[in-house]
Amino acid sequence: EEQGAYRLLMDHMWIKGGEIRNDNKEIARMLRVSVKRWKKLKLVLAEYLVIELGTISQKRLKRDYQNAVNKSKTNAANGKIGGMKTAEKW
1159 EEQGAYRLLM DHMWIKGGEI RNDNKEIARM LRVSVKRWKK LKLVLAEYLV
1209 IELGTISQKR LKRDYQNAVN KSKTNAANGK IGGMKTAEKW
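Sequential numbering of the sequence shown, starting at 1159, is according to my numbering.
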């Protein structure tokens, strides 16, 4: 159960830009568990998460997400340059 909850949290963090709101009701709904159960899981998973005032994230996921965003921007810029060169030929 803990592994599944951790994996779902990671998936949601990735979708939401590297972090999610630290809202027990919202997270319990995401994980399809009761708020009471989420609070117990949170105690176990806190070792692996960065829990701040209003957000929950994970150090490596946040870093990897930022790297993916940067890579995407670089690829888009390079594609635009290549597309302009191709357009000039035509």
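Just so you know, even glycine gets a beta-carbon here, dropped at the ideal spot from N, CA and C.
Local Cβ density within 10 Å of residue i, reported as buried at 16 or more and exposed below that
i: residue 1246; result: exposed
i: residue 1207; result: buried
i: residue 1196; result: buried
Given residue i as reference, the closest of the options once Cα atoms are compared
i: residue 1163; options: 1185, 1177 and 1172; result: 1185
i: residue 1175; options: 1248, 1210 and 1227; result: 1227
DSSP-derived helix/strand/coil call for residue i
i: residue 1179; result: strand
i: residue 1208; result: strand
i: residue 1230; result: helix
Other residues of its chain near residue i: CB distance less than 8 Å, five sequence neighbours each side excluded
i: residue 1203; result: 1160, 1163, 1164 and 1167
i: residue 1193; result: 1182, 1183 and 1186
Cα-Cα separation between residue i and residue j, rounded to whole angstroms
i: residue 1219; j: residue 1241; result: 32 Å
i: residue 1232; j: residue 1199; result: 39 Å
i: residue 1187; j: residue 1173; result: 16 Å
i: residue 1212; j: residue 1234; result: 32 Å
i: residue 1190; j: residue 1169; result: 14 Å
i: residue 1236; j: residue 1181; result: 39 Å
i: residue 1268; j: residue 1230; result: The structure shown does not extend to residue 1268, since the chain is modelled only from 1159 through 1248, so no value can be given for it.
Residues near residue i by beta carbon distance below 7 Å, same chain, minus five either side
i: residue 1171; result: 1177, 1178, 1215, 1216 and 1219
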